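Numbering-wise (our numbering), the sequence shown opens with residue 569 and increments by one.
Notes to accompany the following structure.
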Amino acid sequence: MQTILLVEDKDSMAQMLKETIESSGYGAVVARDGMEGIRILKERHIDLVLSDLKLPKKDGIEVLKAAKAENQLTPVIVMTAFGTIENAVAAMKEGAFDFITKPFDTDHLLLLIARALETQRLLTENILLKDELTAKFGAPKIIGKSSGIMEVAQKIRKVAQGKTTVLLLGESGTGKELFARALHNLSPRGQYPFVPINCAAIPKELLESELFGHEKGSFTGAETKKIGKFELADKGTVFLDEIADMELSLQTKLLRVIQEGEIERVGGVKTVSIDVRVVAATNKNIEQAVEDGTFREDLFYRLNVFPVVIPPLRERTDDIPLLSEYFIKKYCAELKTSSKKISKEASEMLMGYPWKGNVRELENCLERAIILCDGDTILPEHLALNQKLSPEYSLKDLPAEGPLEDTAKEATRIAETQRIVRALRETKGNKSRASELLHVSYKTLLTKIKDYGIES
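Listed below in structure tokens is the structure:
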């Protein structure tokens, strides 16, 4: 539960706001003066501060400064009386997220709180990603040294400084979102939110609300106002993944947003101006979709201002050692296991594999290998690449001669191996929990792990 510090010296107002905050699912801590508010900020974790400007002992500006001293990302909303707007503007200059003038509508306050907390989450996510890349490379940049990836990186750097719409094209798993994040981080918008949304993962009847928000009562279940992704990304970047899967009716509205720089919430009667950069991506042939009539030609030309084609991993095999090193270090840290290296034989196997799932498949393979490797060296058997459930690797391993009924046995072995590996991955190697997921006894699971050679 997210905790809000409420700094308000008027008892009736403090009680009303506390009840409003708690009824919306947040925790509330009340301070009756600025000094008490500052003390609470130093003693416990606070997700958001809602403070009056005029307070006993220490004023709201001092509370704001204390909050930012503890955590620069903590959003602070200041409350002010009608006649003291100048003070509110001063608070904004000190880093307040926003201000609200008394008396105010509680629905508007809750909307402001939700927006502030979501913006904080997105900023934190972006900073963590930037720190992760910076820790290894000294600056936010893309992992790889192949000519194909260097060409992509050069294009990303060139286009980052402006507001040009970018269309990322590439197979599933090539890392289109990572490239979009890198573009955002390298741009002047890097300090503002990066908001990704997968257009194919959200039901079409809900996607418009996710993108543009909705007003209270605009449809069944819309009990409160909702801020959409475009508003949350104000001054930052919206990443529209799987854009080719968007419904035609919504494509029309998206085109208007890109052209006019304003959105209209579902059920709303007024427009809201926004300042966002749009980066879109697809793994489909979007030009063919235009010809087929499933994608608007005018929207395609709006998105295709600066297309960037991301090569599949099989065309950038020089990057596999660097990517492998990165993923091994990443998952050794996440799984809290000792450092591991990869054997020459295992490395050669990675270099020769076709990687239909691209970088995502490589990442999953190495995470699984770290779970299965008990020693300090990842061996070919830990990769389990010959156990992939794909035509090349399931059928190729079957003997040309022998009883036909053996095919069913071998297919069962491959399928069960995949299920066991997936269960071990999801449970971080916990065999007891994995046996529960697979609905088999612990003893049966151990036997199959041994028989199938999943662990050396």
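We put the beta carbon where it would ideally sit given N, CA and C, even for glycine.
Remember, predicted model here, so these are calculated numbers, not experimental data.
In this structure, the CA atom of K784 is about 9 Å from the CA atom of G836. For S619, the uninterrupted beta strand (DSSP E) run begins and ends at L616 to D620, by DSSP. Note that the C-beta distance between G605 and V575 is below 7 Å. Assignment of beta-bridge partners to N766 by DSSP yields D809. Shown here for S1000: same chain residues with a beta carbon closer than 7 Å to its own, the five before and five after excluded, namely Y1010 in chain order. The DSSP assignment places 715 to 728 as complete runs of the alpha helix (DSSP H) inside the region 702 to 742, in order along the chain (cut-off: 4 residues). As a beta-bridge residue in DSSP terms, V876 pairs with L736. Q688 has its alpha-carbon roughly 18 Å from the corresponding atom of I589. The Cβ-Cβ distance between E739 and N926 falls below 7 Å. In this structure, the CA atom of E745 is about 24 Å from the CA atom of R990. The C-alpha of V806 lies about 7 Å from the C-alpha of V844.
Where V858 is concerned, there is no enclosing beta strand (DSSP E), although the alpha helix (DSSP H) around it starts and stops at I854 to D860. For V927, the three-state secondary structure derived from DSSP is helix.
For L574, the enclosing beta strand (DSSP E) stretches over residues T571 to V575.
The shortest CA-to-CA distance from C933 to any of K578, G741 and L678 is the one to G741. If you draw a 10 Å sphere on the C-beta of E902, you find fewer than 16 other C-beta atoms in it, and that means exposed. In the three-state reduction of the DSSP assignment, K636 falls in the helix class.
A distance below 7 Å separates the beta carbons of S841 and E830. Residue environment: T1015 is assigned as exposed (fewer than 16 neighbouring CB atoms within 10 Å of its CB, all protein chains considered). Scanning its chain for C-beta atoms nearer than 8 Å, with the 5 sequence neighbours on each side dropped, one finds around L685 the residues Q570, D615, L616 and P643, in chain order.
In the DSSP secondary-structure assignment, I681 is not bridged to any residue.
In the same chain as T1012, and ignoring 5 residues on each side of it, the C-beta atoms closer than 8 Å to its own belong to S1003, in chain order. Distance from the CA atom of A582 to the CA atom of F665, rounded to whole angstroms, is 20 Å.
M584: member of the alpha helix (DSSP H) spanning D579 to S591, first to last residue. Relative to the Cα of P624, the nearest Cα in the group A857, A599 and Y760 belongs to A599.
The three-state reading of DSSP puts H950 in helix, counting H, G and I together. When beta bridges are read from the DSSP output, I910 appears opposite I946.
V834 and D802 have their alpha carbons spaced roughly 18 Å apart. A buried status is given to S777, since no fewer than 16 other beta-carbon atoms sit within 10 Å of its beta-carbon.
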